[in-house]
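These notes concern the structure reproduced below.
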Ligand SMILES: Cc1ncc(C[n+]2csc(CCOP(=O)(O)OP(=O)(O)O)c2C)c(N)n1
Ligand SMILES: Cc1ncc(C[n+]2csc(CCOP(=O)(O)OP(=O)(O)O)c2C)c(N)n1
Ligand SMILES: [Mg+2]
Ligand SMILES: [Mg+2]
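Protein chains in written order, with full-length UniProt numbering: chain A, 1 to 335; chain B, 1 to 335; chain C, 1 to 334; chain D, 1 to 334.
Here it is as structure tokens:
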């Protein structure tokens, strides 16, 4: 099986409402991440913090293809995914504040956002660790004859892990409804893909397991969305797992500790020229679909959402210390 | 990179001496394994015992391509490899008797044959566990500018393990001198390859890592030998790791506990028609290269070797119980 | 399986586990068994023999050799509403799945602030004594018992082999069940009406007044055998079967030690960092002033298990060693 | 790094480890460093920063994310005549390499009847307290100390961070070095002439007569701080730094307990099955009749470490908790 090569960039115009929706989603992520960086510097957020700037088109485009019934498994760089999936910004921020109003009660922090309502299964900080989990969720769906998709995000770095291999084989062997989304931002911390993989065409590698695989421009939200829709449709049609490599770039450091010794400023600047938000804005503008007023409205709306989220987090409360050992084991029996 | 497909069966005649040598090697393995089975029934050998009947052409053909300086990493089904590599039959059998004259002092048993003199690094009973080790041995050679080959044997079952994936990628990425030999006997215990792998062309899978890979008829000792020579030559020429899939079959049960519920007698019988020893004998005979006298001489020689091995094992002694906790840590400092 | 008088019947530990699986699969369609060679091969210890024919390959699911992958898939399937029984052939291979067990199963409930519990059951064969050498002979149950978020069971009797599995399946959290492979052929009585059993409490398997032996799994029977022998010398040994290694039911063994004033822990783990150390420490903390002598441990010698029979036997706790140690302990400060 | 008077200079724990690596690489061309982001990134805790420039990418070798693969490759390279230092970013990720460490490195010498030793050094960051939550905060050093065939070191001081690595590299067997990540920024004195140190013995870091606190790694400094505070109340605490967790030097702490008659073990592992349990059990066995009171343990609460600062602090052993516990122990039965 050869990979479906770069699903071609849709030149066709997008509906205005949908265009605004996609743009708004990406802006929400960007502004949210900016706020997190600021709050980290202000020591309101602690621990590890991994931001998603530059990669917004991936989460936004892919999650468009899911329904409320589907499941999402993400990594430690998952604020954007949680936001777009429908977890309240306030609950996410409160989590990073360590408040019990946080989406994981303050026990998880930035890397471990969870939300049962939206079937958001974390927030996994073990590289590659989410993949077997996604396989299992999809297995459960198959065995229960539920036609749902489990969407699993992971980085280029995860591809080297044994768990990647075992998971892709299992999913392909059992034809499970998993949408594997590789966020290939060219680096795993400071290790460039060429130092990590003998064969750097990740979609081709995935195809070797006998599953349909495509690579797409991860800086183009419409291209990502189209490819994700196609893949999700194939899964729902019973064609088994699908693999989507989204070629993207992270604009910020790996985490707040990273001195970025491994790449040049020039390289980062070059990629910033391809900012998914700026380029999509231009495209919408070029097609006469958005006005400056629209953009201002989006920014204002997002700013309000984020301000409210900050207020929510600030107003949050701490879980009583007496409850320390809760949630190690369940407090009730199961049905 | 696409796999070099089935290196074609050599129809060219083999030199008489070499033909006899290959035949003798295969017969040594077959008779040795038969003796082990007998001794197991007689409860002289205990624990797990995995025999190699039917697969002799693989070990014999591949090991022809190695020099004394090269290294071998094998599995728990490794009597044949050890024998052909030059570990004394007596030392192997004494090992299974649990005698201190055994090649691992009786501490390893059938699954853990080791021999420093022939650079035989085990005898690993964790499926896939030997692959990272082989990568490391080859890395050491590369860093020390030693032009040696590390030859790593493993089964079709190991291909599903994460360690397979991590090892192949590392070897390809660092262009290490590893000869990966997959003994594809179609089953991992009772699990047929098609129930274990979504994509059952293992050489093709290996090629996806960016290394040269070939599949060869593992029942044809000359074909295996030719392919191994070619692969070893490529490694010595600095072309990086090579992968050889040897398509073979095991005539006996997986181990002495196996009720063989998962395959039919008919299937086994069919494969026995392709016995590597019988077919090679016929070929030599057809080319007028061996006589009945030669065959009798080989059998007599092998019988003598095995009888002596049994006598050696029987005469072996037990390590004193007081030494129980030796070899947990080294007894001397290093140079 | 042979039926004996009244409402008891005799069956092997292996049959008990198989019955427990069968029964669970009949009762609850969410239950399925997954692991290497559980189906077509009939199970590496023949535990699941016949189940493929009864339930089909969807629910008796052979997996590739991919311990992390299929264990993680079991965890995910549990999250997704199923009740998987994952079989890892032996505890030794669980080292390949340690990431999924410890980094995922054990922490999801906590990291999600209580939202996602993981009702997976993982069965593993354990123990030495079969001459299968270092890589196949470890007893890692005590080691896994260090990890918060999982429960660790070690059924010793046929009744527990049958009953604990069902209770484990009803547990909302990940449960590891270590089955000592030396027990599979052991026959024992089971009530025809036998049902689920608790997994919260240790049990006194024999009453005695002179010393308490605390053990579990296959070692339990060595302790009981030693107690028989010692009884002939007038030494009355109380034997406690831990049953559940995490969380530990310390109340039961502390109460026993308070009665006998002496304790010996017999544990197939290596001595340093063994579960036996934890038991000793708990007695130190909870029954120090009851003790007439220091708590002793009889564990596996600190060596990877050798293949040679005489060395392996010397490495593992044995009845004779228990007898000798108890005599010394009771005689020394009687 | 700043030079102070005489033959002492001050440097951080991080610098000490870096110097130890540099020195080893200069002394012995068989030594190399391998792990995720040790090179181009500069090391995830900046330990190896600058070494790539000095030694090049062959010897400061960035690896893909493949813990089992590259740890196994380190083991193989050691077999092949090299002296690899494998860096696993944190102990948590060693769960992905547990198979290679335990099923291979720990048993090869034994299974081969003494033929093949494995001189690999594996460095791992460990410890909680940095609000990085459950999957990044474990202290697994005590847990690994259960495994025969490996040695486990836990350097606490700058001097040990420098000296133990070199000794570990000279050791013929696999050595795991757990570096508590909270220590990397700690400054401490080092003799200009400082060389290798032993890895066989525990050390008394403070003399005292009333009670012995046994600890290691970052907790050692909490113990020492508590001892300072307690001294003001006239309680003289002896503090023992274990340094090497496997094999344990019990002679040193037993001798101390024989003098003080009381002991507290402070250990960042979870309590059940902790190294602290082993220490308690050893004291039970080796100094029972010296004890005036039961040995106590202060460990991490049995919960995956929470992100929220106040909960994480409550979960970990702290100075105030040590002080309170010692006061109770010494006061209670003085
Ligand atoms: C198993 C494991 N090894 C190492 C790490 C440390 N680590 C965290 S993120 C990361 C890089 C991952 O890169 P990639 O998968 O490409 O994701 P990205 O951060 O680029 O989104 C590493 C090495 C980890 N969290 N888990
Ligand atoms: C990691 C691991 N999982 C499971 C086993 C149990 N086991 C031993 S051999 C074997 C089958 C291996 O099949 P394959 O790799 O094809 O080798 P073959 O026996 O056919 O030569 C299994 C499952 C093991 N030894 N190691
Ligand atoms: Mg990346
Ligand atoms: Mg096979």
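We treat Cβ as the ideally placed atom computed from N, Cα and C, and that holds for glycine.
No experiment lies behind these values; they were computed from the predicted model shown.
Could you list which residues in chain D have their beta carbon closer than 7 Å to that of residue i, in chain order?
| i | result |
| --- | --- |
| residue 112 (chain B) | 111 |
| residue 168 (chain A) | The premise fails here: residue 168 (chain A) is roughly 15 Å from chain D at the closest Cβ pair, so nothing lies under 7 Å. |
| residue 261 (chain A) | 40, 41, 42 |
May I ask which residues mark the beginning and end of the alpha helix (DSSP H) holding residue i?
| i | result |
| --- | --- |
| residue 32 (chain B) | 16–41 |
| residue 265 (chain B) | 265–272 |
| residue 219 (chain C) | 217–232 |
| residue 339 (chain B) | This structure cannot speak to residue 339 (chain B), because chain B is shown only from 1 to 335. |
Assign residue i to buried or exposed, taking buried as 16 or more other Cβ atoms, counted over all protein chains shown, within 10 Å of its Cβ.
| i | result |
| --- | --- |
| residue 289 (chain D) | exposed |
| residue 38 (chain A) | exposed |
| residue 333 (chain B) | exposed |
| residue 11 (chain A) | With a pLDDT of 49 at residue 11 (chain A), under the threshold of 50, the predicted position of this residue should be treated as unreliable, though the coordinate-derived value follows. Exposed is the call here. |
| residue 34 (chain D) | buried |
| residue 100 (chain A) | buried |
| residue 317 (chain C) | buried |
| residue 326 (chain B) | buried |
| residue 201 (chain D) | exposed |
| residue 140 (chain A) | buried |
I'd like the span of the beta strand (DSSP E) that includes residue i, first residue to last.
| i | result |
| --- | --- |
| residue 298 (chain D) | 296–300 |
| residue 155 (chain C) | Note, residue 155 (chain C): premise wrong, no beta strand (DSSP E); not H, not E. |
| residue 188 (chain C) | 187–191 |
| residue 89 (chain C) | 83–90 |
| residue 263 (chain D) | 263–270 |
| residue 205 (chain A) | Note, residue 205 (chain A): premise wrong, no beta strand (DSSP E); alpha helix (DSSP H) at 202–207. |
| residue 217 (chain B) | 212–217 |
Check the Cβ of residue i against every Cβ in chain C and list those closer than 7 Å, keeping chain order.
| i | result |
| --- | --- |
| residue 144 (chain A) | 81 |
Against residue i, what residues of chain A qualify as contacts under a CB-to-CB distance less than 8 Å, listed in chain order?
| i | result |
| --- | --- |
| residue 379 (chain B) | An answer regarding residue 379 (chain B) cannot be provided, because it is not within the stretch 1 to 335 covered by chain B. |
| residue 163 (chain B) | 162 |
Among the candidates the options, whose CA atom is the shortest distance from the CA of residue i?
| i | options | result |
| --- | --- | --- |
| residue 32 (chain B) | B:301, B:331, B:320, B:315 | B:301 |
| residue 254 (chain A) | D:44, D:129, D:24, D:328 | D:44 |
| residue 210 (chain B) | A:174, A:114, A:205 | A:205 |
| residue 348 (chain D) | D:210, D:98, D:71, D:77 | Residue 348 (chain D) lies beyond the stretch modelled for chain D, which goes from 1 to 334, so this question has no answer here. |
| residue 262 (chain B) | C:24, C:89, C:49 | C:49 |
| residue 168 (chain B) | B:199, B:197, B:129 | B:129 |
Whose Cβ in chain B lies nearer than 7 Å to the Cβ of residue i?
| i | result |
| --- | --- |
| residue 205 (chain A) | 208 |
Residues of chain A with CB under 7 Å from residue i, in chain order?
| i | result |
| --- | --- |
| residue 302 (chain D) | 325, 328 |
| residue 314 (chain D) | 321, 324 |
Whose Cβ in chain C lies nearer than 8 Å to the Cβ of residue i?
| i | result |
| --- | --- |
| residue 189 (chain B) | 36, 37, 41, 44 |
At a cut of 8 Å, does the segment 297–313 of chain B reach the segment 79–92 of chain B through at least three beta carbon pairs?
In short, these stretches touch, since the Cβ pair count reaches three.
For the pair the segment 262–279 of chain C and the segment 266–275 of chain D, tell me if three or more CB-CB distances fall below 8 Å.
These segments touch.
The segment 47–54 of chain D contacting the segment 179–193 of chain A, beta-carbon criterion three pairs below 8 Å
When Cβ pairs closer than 8 Å are counted between the two stretches, the segment 47–54 of chain D is seen not to touch the segment 179–193 of chain A, the count staying below three.
Pairing CB atoms from the segment 158–166 of chain C with CB atoms from the segment 195–207 of chain C, are three or more of them under 8 Å?
Yes: at least three Cβ pairs fall under 8 Å.
Can we say the segment 55–67 of chain C touches the segment 266–275 of chain B, given the rule of at least three CB pairs closer than 8 Å?
The count of Cβ pairs closer than 8 Å, one atom from the segment 55–67 of chain C and one from the segment 266–275 of chain B, stays below three, leaving the stretches out of contact.
Are the segment 121–135 of chain B and the segment 55–74 of chain B touching by the rule of at least three beta carbon pairs closer than 8 Å?
Yes, they touch.
Does the segment 238–251 of chain C come into contact with the segment 227–238 of chain D, if we say contact requires no fewer than three beta-carbon pairs (one atom in each stretch) closer than 8 Å?
In short, these stretches do not touch, since the Cβ pair count stays below three.
Stretch pair the segment 309–320 of chain A + the segment 241–250 of chain A: three plus CB contacts closer than 8 Å
With the cut-off at 8 Å, the segment 309–320 of chain A and the segment 241–250 of chain A do not touch.
So, do the segment 294–312 of chain D and the segment 124–135 of chain D have three or more beta carbon pairs nearer to each other than 8 Å?
The segment 294–312 of chain D vs the segment 124–135 of chain D: in contact.
Touch test, the segment 145–162 of chain C against the segment 145–161 of chain A, Cβ-Cβ under 8 Å, three pairs minimum
Not touching, per the Cβ criterion.
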